[in-house]
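Student: First the structure, which I've put down as structure tokens, then a few questions once you've had a look.
Protein chains: 2
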Amino acid sequence: MSARTRSLTHTHPTEVSLQDALDAVSDPVRRTILRELAGAPDWTRACGTFDLPVAKATRSHHFTVLRTAGLIEQRDEGPRRLNRLRRPEFDRRFPGLLDLVLAEPATDHGSSA
Amino acid sequence: MSARTRSLTHTHPTEVSLQDALDAVSDPVRRTILRELAGAPDWTRACGTFDLPVAKATRSHHFTVLRTAGLIEQRDEGPRRLNRLRRPEFDRRFPGLLDLVLAEPATDHGSSA
DNA sequence: TACAGTGTTCGATCAGCATCGACCATATCA
DNA sequence: TGATATGGTCGATGCTGATCGAACACTGTA
């Protein structure tokens, strides 16, 4: 474990309040992250590989929120930070919530015109 | 139907976006309204009968948000505005979401010093 | 008509959060 | 060591939404 990974503070879904879960999931950018993450195998997506309409600092902020809300797990692999969706744990804590998010049609951050 | 009821703009859950649903449900005061409403028969609770830690104007605002988000239905009965939780319709549109809200332990607006 | 009860509307305030640029830290490689 | 890439941290900003008091509107009743 690297020095950076060591400082990562994770929260298990069982310790997350409904308020925090809803707050985390209420942001459209964060829902986009969750959907992209659900479409790839665990530990295959680094933070920078997501198609998001926000700056780097904002992106970093959103990942912190998701991690604190028990929605994702993060691990450092070299200079990159890999992610994993905590699907089963979160589903046990808040049944149906993640399903609603993942069922939502993806928002288009239009590259055309 | 009274003049006041006539001006009530309702939204059916099928026309509500996930964003609007989550925004509506993210507020603790609104979740308290939903829980109290679930514990009583339809059309038996007027807006003023809810135990909420906010002023009258704020209360009115929250009911409007809930109505617009397809979570409640309202009807005027004399000077009072009665409410009904749109449980089955909303459940069909967002399965599990309302269950999470109603399962949440009630918050205590403490009357005991 | 007058009054009381219920609820809305208006205008203002305040706090929290998303957002950003700039800078810093770490890891990898030449 | 230097260069590059990834990502976090800091401080500031702007916007949205919750909140409130005051005034207004409607209903029912005396």
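The listed protein sequences correspond, in order, to chains A and B.
Residues 3 to 115 in the numbering used here are what the first sequence lists, from first letter to last.
Residues 3 to 115 in the numbering used here are what the second sequence lists, from first letter to last.
Every residue, glycine too, gets a C-beta built ideally from N, C-alpha and C.
Of the choices A:T16, A:T13, A:S28 and A:D22, whose alpha-carbon is the least far from that of L20 (chain B)?
Tutor: A:S28
Student: What is the DSSP secondary structure of A115 (chain B), counted as helix, strand or coil?
Tutor: Because the pLDDT of A115 (chain B) is 46, which lies under 50, any placement of that residue in the model is unreliable, and the number read from its coordinates should be weighed accordingly. Coil.
Student: Among the candidates A:A23, A:P30 and A:R94, whose CA atom is the shortest distance from the CA of H111 (chain A)?
Tutor: Checked all of A:A23, A:P30 and A:R94; the closest Cα to H111 (chain A) is A:P30.
Student: Let me know the secondary structure DSSP gives E106 (chain A) once reduced to three states.
Tutor: coil
Student: Going by beta carbon distance, what residues of the same chain come within less than 8 angstroms of L84 (chain B), once the five residues before and after it are set aside?
Tutor: W45, T46, R47, A48, Q76, R77 and D78
Student: Residues in the same chain with beta-carbon distance under 8 angstroms from V103 (chain B), minus the five sequence neighbours each way, listed in chain order, please.
Tutor: The residues are V27, R33, L36 and R37.
Student: Quick one: is E1 (chain A) near chain B, going by C-beta distance under 8 angstroms?
Tutor: In the structure as shown, chain A starts at 3 and stops at 115, and residue 1 (chain A) therefore has no counterpart that could be examined.
Student: Assuming R89 (chain A) contacts L99 (chain A) under a Cβ cut-off of 8 angstroms, what Cβ separation, rounded to an integer in Å, is found between them?
Tutor: Not quite, the Cβ-Cβ distance comes to about 11 angstroms (not below 8 angstroms), so this is no contact.
Student: What is the DSSP secondary structure of A42 (chain A), counted as helix, strand or coil?
Tutor: Under the three-state reduction of DSSP output, A42 (chain A) falls in the coil class, being neither helix nor strand.
Student: What do you get for G80 (chain A), buried or exposed, if any count of 16 or more other CB atoms within 10 angstroms of its CB means buried?
Tutor: It is exposed - the Cβ of G80 (chain A) has fewer than 16 other Cβ atoms within 10 Å.
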